[in-house]
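Trainee: Here the protein sequences come in this chain order: A and B. Going letter by letter, the first sequence gives residues 1 to 330 in the numbering used here. Going letter by letter, the second sequence gives residues 331 to 643 in the numbering used here. First the structure, which I've put down as C-alpha cells, then a few questions once you've had a look.
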Amino acid sequence: MMIERTKVILIASLALILAASHFSSHIDPYYYDITLSIGINIILAVSLNLVNGYTGQFSLGHMGFMAVGAYTATIFTTYLPGLLRILAPLGSLLSVSIFFGLALAVGGIAAGIIGLLVGIPSLRLKGDYLAIVTLGFGEIIRVIIENVDALGGARGLSVTAVYSKLFWVYAMAAVTIYVVLNLVNSTYGRGFLSVRDDEIAAEAMGINTTKYKVLAFSLAAFFAGIAGGLYAHFKQFITPDGFNFMGSISIVTMVILGGMGSTGGAVIAAILLTILPEVLRKVSDYPFLPHWLVPLLKNQMIPYSLLLIVMMLTRPQGLFGGIPLKRKSA
Amino acid sequence: MIEFIQQLINGLSLGAIYALIALGYTMVYGVLRFINFAHGDVFMVGAFAGFYIAPAVLKFSNGNPSWTGAAIVLILAMVICAILGIVIEKLAYRPLRDRPRLTVLITAIGVSLFLENFGQYAFGVDPQFFPDLIGDHAITIPAWCGPFTDLTIMVSQVLVFVITIVLLVALRFIVMKTKLGMAMRALSVNPLATSLMGVNNDVVISFTFGLGSALAGAAGILISIQQPSIDPLMGLQPGIKAFVAAVLGGIGNIPGAALGGVLLGVIETLVVGYSDRLHIPSGYRDAVAFFLLILILLFKPTGLLGRVEREKV
C-alpha cells in the first residue's frame, strides 16, 4: 500500500512540475537560475544524505562524482549528435528528451561506477580516515580532468546545448527523493541504518556491512553524476575548478543543517542554503550598511562556516534531524 | 646523479616543512583522537603574522635583512599561532569533548573554512609578497667539491633544515623530559586514568594545541622565506599533505610524523622532478600525496611507525 501511495505522489509531483515548467519562460532569468540551482542542490544533498546521514559514513568527495557525471554527459551530447538525428523522426520534443535522458543516465552510470571503484577500497576505513580518503579521491578526479586535454584541461569545457530545463531538473529531484525515501524504508534502508547505529552489532547479526556501505556510496555517486549532467547543460560551461573541495563542503553543510538522515531536512536545507548567498548579496547592496560588513556578506563561505560551527555546538542533529519525513511502523 | 642530489635537497627542505605541520596533527590526534582540520590554516596565519610583524622588526635594521630580525619574527609568529591554537581548542573543540568524533570533525572543517575565508576578508584575496628576512641567495660551493659545484643550495633551504632539526630536538625534549610532556604521553594512552591521577587534562590538551600550533607557525614563516608569495588559501594543500605525512609515519607517533613529512617531501619532489621520465605530467603534483595516502591506508593503515590498535566493543 505504502509503495503505491509514494508512487502516486511521485507521478502527481511530476505532473505538477510539467505543468509548472510551461510557465518557466515567464520567470525572470535571475530567479529561473536560482530555481534551477536549488533543484540541482536538492539532488546533491538528498543523495549525499544517503551516505552521510543514513549510512553514517562521512564522504567529502561528492563534487568529484558530480564532475564525472558532468563531463561524461557533456561528452555524450557533444560527440554523439548523430544519435539525435537518428531519433529525429520521433519529433523534436521526444527525441531531445530521449537523447538528454540517455546522456544523464550515462553520466550517472559513469559516476556510479567510479563511486563503486572508490567505495570498495575506501569504505574499509572509518570516520575521519574515510573523510580524508574521499576528499583525496575527489581531488584526484579534479586533478585528472585538469590534466586531460581532451576534456579542456583547466580551461574548462563549453556545453552548447541547454537541455536542462525546469522540468528535467525538478523531475530528477523528485525521482531522487522518491528512490532515496523508498530505499530507506526498505530492507536495504534497515541495513543502512544498522551500519550507522552500530556497525559491530550489525556485523555480528550477519549483515554484510561493506555491501550496504558500497551500495549507498555508489548510488549517491550515481545521483551526483545526474546532478552533474544537469548542471553542465544548464550552466553551459564546466571547469574542473568548479567541482572543488569547497563545493563538496557546501553540500555536506546542507546535509548537516538539514539533519543527517532526514530527507525532508536535506531538501529544506538545500533550498535555504542556495537562497542564503543571494539574500546576503541583496542585503549587502543596502546603502546604509557599514562598509566593512559588505565583503563579509558577499563571501558566502563565512556564514557557511560559522553556521557549521554553531550548528555543531548547539544542535548537532541538525534542524530536522531525528524527525523522519514520514513515520512508518516497521 | 647531481640532478638527483639537487632534487633530494629540494625535497628535504620541502619535507622539513611538511614535518613541522605534521607534528601538530599527530600530537593533537595523540591526545584527542581527532583530525584537527584547521591546522593547515594556523600555518597560514603564521605566515601572515610574520608578514605584518616583519616590516616593524626590520625597521631596526633600516629595512635590511637581519638574522636577529628573522629570529624575532619567527618567535612572535610561533607565539601568535600558539595562542590561536589554544583559543580554537577552547571555543570550538572543548565544548564537544564528549560528543561523537564526527561532530568534532565537522566543527574542525567549519573552523578551517572560517579561518580561510575570514583570512580572505582580513588579509585580502590576492597573494602578498613576504619581505626578505635573511637576504636569501645561493650558497657558493667551493671549487674543491668537484661536480657538486653545480648544485644550487639556497641559504633558506639550509635554514629551514637547521631550524626544523632544532625544533624537533626541542620538541623531543619537551615530550620526553618535562612533566607536561609526560602528561601528554600518558593522556594519549588513557585520558580517564590521567584525570584520576590528578592530571588536569584540559591544561595538557591546551598545551598540546599550543605546541602543535607554534610548530605550524614556524613552518608558516619558513615556507614564506623560501616561497615569498603568501595568500589566505596557502594552508589548504600543505595542510592536507602534512596530514598525509602524519598518516604515512603512523598518526599519533611523533618521530613518525617527522619521518613521514620528510619522505613525502622527497617523494613529491622526485615525482615532479622526474615527471618526463616517469611519464607523469607535472600537473599531477598535488595528486601524488593523495595516491600515497590511499596506498598507505589500504596496505598499512597504521603507518610506518604506528602501532596496531585493536577495536574493543
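Glycine included, each C-beta is placed from N, C-alpha and C at the ideal position.
Can you tell which of Ala-171(A), Leu-272(A) and Thr-160(A) has its C-alpha closest to the C-alpha of Ser-21(A)?
Mentor: Within the first sequence, numbered from 1, the residue matching residue 21(A) stands at position 21. Here the closest residue by C-alpha is Ala-171(A).
Trainee: Determine the chain A residues that contact Ile-436(B) at a beta-carbon separation under 7 Å, and present them in chain order.
Mentor: As a first step, residue 436(B) is located in the second sequence; it is residue number 106 there, counting from the start. Per Cβ cutoff of 7 Å: Ile-256, Leu-308 and Met-312.
Trainee: Which word fits Cys-475(B), buried or exposed, when buried means at least 16 other C-beta atoms lie within 10 angstroms of its C-beta?
Mentor: Here residue 475(B) refers to the residue found at position 145 of the second sequence. When all chains shown are included, Cys-475(B) counts as exposed.
Trainee: Within 9 Å of any Cβ in chain A, is that where the Cβ of Phe-453(B) sits?
Mentor: Position 123 of the second sequence, counting from 1, holds the residue named residue 453(B). No, because no Cβ of chain A sits closer than 9 Å to the Cβ of Phe-453(B).
Trainee: What's the call for Tyr-31(A), buried or exposed, on a 16-neighbour Cβ count within 10 Å?
Mentor: Start at 1 with the first residue of the first sequence, and residue 31(A) comes out as number 31. Result: exposed.
Trainee: Among the residues of its own chain, which have a CB less than 6 Å from the CB of Phe-378(B), if the five just before and after it don't count?
Mentor: As a working note, residue 378(B) is residue 48 in the second sequence. Closer than 6 Å at Cβ, skipping near neighbours: Phe-453.
Trainee: Roughly how many angstroms lie between the CA atoms of Leu-151(A) and Gly-569(B), to the nearest whole one?
Mentor: Taking the first residue of the first sequence as position 1, residue 151(A) is located at position 151. Taking the first residue of the second sequence as position 1, residue 569(B) is located at position 239. One C-alpha to the other measures close to 29 Å.
Trainee: Check Ser-543(B) in the structure and name its three-state DSSP category.
Mentor: Within the second sequence, residue 543(B) is the residue found at index 213, counting from 1. In the structure shown, Ser-543(B) sits in a helix (DSSP, three-state: H, G or I).
Trainee: Counting along the chain, where does the alpha helix (DSSP H) carrying Tyr-30(A) start and finish?
Mentor: Mapped onto the first sequence, residue 30(A) falls at position 30. Counting along the chain, the alpha helix (DSSP H) containing Tyr-30(A) begins and ends at 29-49.
Trainee: Do the region 399-413 of chain B and the region 559-576 of chain B make contact, defined as three or more Cβ pairs closer than 8 Å?
Mentor: Verdict: no, contact absent.
Trainee: Can you check which of these residues, Ile-335(B), Tyr-423(B), Asp-616(B) and Ile-351(B), is closest to Leu-545(B) by C-alpha distance?
Mentor: Here residue 545(B) refers to the residue found at position 215 when the second sequence is read from its first residue. Minimum Cα distance to Leu-545(B) is reached at Ile-351(B).
Trainee: Between Gly-108(A), Leu-44(A) and Ile-207(A), which lies nearest to Met-254(A) when the distance is taken from Cα to Cα?
Mentor: Translated into the one-based positions of the first sequence, residue 254(A) becomes position 254. Ranking the options by Cα distance to Met-254(A), first place goes to Leu-44(A).
Trainee: Leaving aside the five residues before and after Gly-360(B) along the sequence, list all residues of the same chain whose C-beta is less than 6 Å from its C-beta, in chain order.
Mentor: Here residue 360(B) refers to the residue found at position 30 when the second sequence is read from its first residue. If we look at Gly-360(B) and ignore the five residues flanking it on each side, its Cβ neighbours are Ser-518 and Gly-582.
Trainee: Do Leu-353(B) and Gly-591(B) come within 9 Å of each other at the CB atom, strictly closer than that value?
Mentor: For the purposes of this step, residue 591(B) is identified with residue 261 of the second sequence, where counting begins at 1. For the purposes of this step, residue 353(B) is identified with residue 23 of the second sequence, where counting begins at 1. Contact: yes.
Trainee: Taking the straight line between their C-alpha atoms, what separation do you get for Leu-333(A) and Asp-428(B)?
Mentor: Residue 333(A) cannot be examined here, being either before or after the span of chain A that is shown, 1 to 330.
Trainee: According to the Cβ coordinates, are Ala-174(A) and Ile-17(A) closer than 9 Å?
Mentor: Walking along the first sequence from the start, residue 174(A) turns up at place 174. Walking along the first sequence from the start, residue 17(A) turns up at place 17. The answer is yes: Cβ separation under 9 Å.
Trainee: Does chain A have any CB closer than 9 Å to the CB of Gly-582(B)?
Mentor: Here residue 582(B) is taken as the residue at index 252 of the second sequence, counted from 1. Closer than 9 Å: no.
Trainee: Determine, for Gly-127(A), whether the minimum Cβ-Cβ distance to residues of chain B falls below 9 Å.
Mentor: For this step, residue 127(A) is matched to residue 127 along the first sequence. It does: the Cβ of Gly-127(A) has a partner Cβ on chain B nearer than 9 Å.
Trainee: Which class does Phe-459(B) belong to by DSSP, given the choice of helix, strand or coil?
Mentor: Position 129 of the second sequence holds residue 459(B). Strand, per DSSP.
Trainee: When you check each C-beta in the region 112-143 of chain A against every C-beta of chain B, which residues fall closer than 8 Å?
Mentor: For the region 112-143 of chain A, which is checked against every Cβ of chain B, the residues closer than 8 Å are Pro-121, Ser-122, Arg-124, Leu-125, Gly-127, Asp-128, Tyr-129, Ala-131, Ile-132, Val-133, Leu-135, Gly-136, Phe-137, Glu-139, Ile-140 and Val-143.
Trainee: Name, in chain order, the residues that DSSP records as bridge partners for Ala-468(B).
Mentor: Stepping through the second sequence from its first residue, residue 468(B) is reached at position 138. Answer is Met-484(B).
Trainee: Using a C-beta cutoff of 9 Å, does Asp-616(B) count as contacting chain A?
Mentor: As a position in the second sequence, residue 616(B) is number 286, starting the count at 1. Closer than 9 Å to some Cβ of chain A, the Cβ of Asp-616(B) qualifies, so yes.
Trainee: Leaving out five residues before and five after Thr-494(B) in sequence, what residues of the same chain have Cβ atoms less than 7 Å from its Cβ?
Mentor: Residue numbering aside, residue 494(B) sits at position 164 when the second sequence is read from its first letter. Ala-346, Ala-349 and Leu-350, listed in sequence order.
Trainee: With 8 Å as the limit, tell me which residues of the region 288-305 of chain A have their beta carbon closer than that to any beta carbon of chain B; keep them in chain order.
Mentor: Those residues of the region 288-305 of chain A that come within reach of chain B (Cβ to Cβ, closer than 8 Å) are Pro-295, Leu-296, Asn-299, Met-301, Ile-302, Tyr-304 and Ser-305.
Trainee: Strictly below 7 Å CB to CB, what residues from chain A border Phe-448(B)?
Mentor: Residue mapping note: residue 448(B) aligns to position 118 of the second sequence, counting from 1. Chain A residues near Phe-448(B): Ile-302.
Trainee: Do Phe-537(B) and Asn-366(B) have their C-beta atoms within less than 9 Å of each other?
Mentor: Start at 1 with the first residue of the second sequence, and residue 537(B) comes out as number 207. Start at 1 with the first residue of the second sequence, and residue 366(B) comes out as number 36. No, these two residues do not count as a Cβ contact at 9 Å.
Trainee: Report yes or no: is there a C-beta of chain B within less than 9 Å of the C-beta of Ile-207(A)?
Mentor: Residue mapping note: residue 207(A) aligns to position 207 of the first sequence, counting from 1. No, no contact with chain B.
Trainee: When the Cα of His-331(A) is compared with those of Glu-278(A), Leu-50(A) and Leu-166(A), which residue comes out closest?
Mentor: This structure cannot settle anything about residue 331(A), because the visible part of chain A is limited to 1 through 330.
Trainee: Please state whether the Cβ-Cβ distance between Ile-140(A) and Val-68(A) is less than 9 Å.
Mentor: In the first sequence, counting from the first residue as 1, residue 140(A) sits at position 140. In the first sequence, counting from the first residue as 1, residue 68(A) sits at position 68. In this structure, Val-68(A) does not lie closer than 9 Å to Ile-140(A) by Cβ.
Trainee: DSSP state of Phe-237(A), grouped into three classes?
Mentor: Within the first sequence, numbered from 1, the residue matching residue 237(A) stands at position 237. Of the three classes helix, strand and coil, the one that applies to Phe-237(A) here is strand, per DSSP.
Trainee: Could you give the DSSP three-state label for Leu-306(A): helix, strand or coil?
Mentor: Within the first sequence, numbered from 1, the residue matching residue 306(A) stands at position 306. Of the three classes helix, strand and coil, the one that applies to Leu-306(A) here is helix, per DSSP.
Trainee: Taking C-beta pairs closer than 7 Å, name the residues in chain B that Pro-316(A) reaches, listed in chain order.
Mentor: For the purposes of this step, residue 316(A) is identified with residue 316 of the first sequence, where counting begins at 1. The answer, in chain order, is Arg-429 and Thr-433.
Trainee: Return the chain-ordered list of same chain residues with a C-beta closer than 7 Å to the C-beta of Thr-263(A), the five sequence neighbours on each side being excluded.
Mentor: As a working note, residue 263(A) is residue 263 in the first sequence. Cβ neighbours of Thr-263(A) beyond the five flanking positions: Val-46, Asn-49, Ile-177, Val-180, Leu-181 and Leu-325.
Trainee: For the structure I just gave you, are there three or more beta carbon pairs, one from the region 465-485 of chain B and one from the region 524-536 of chain B, closer than 8 Å?
Mentor: The region 465-485 of chain B vs the region 524-536 of chain B: no contact.
Trainee: Does the distance from the CB of Ile-256(A) to the CB of Leu-308(A) come in under 9 Å?
Mentor: On the first sequence, position 256 is the one that residue 256(A) refers to. On the first sequence, position 308 is the one that residue 308(A) refers to. Yes, they are a contact pair.
Trainee: With DSSP collapsed to three states, give me the class of Leu-157(A).
Mentor: Position 157 of the first sequence, counted from the start, is the residue given in the question as residue 157(A). It is a strand residue.
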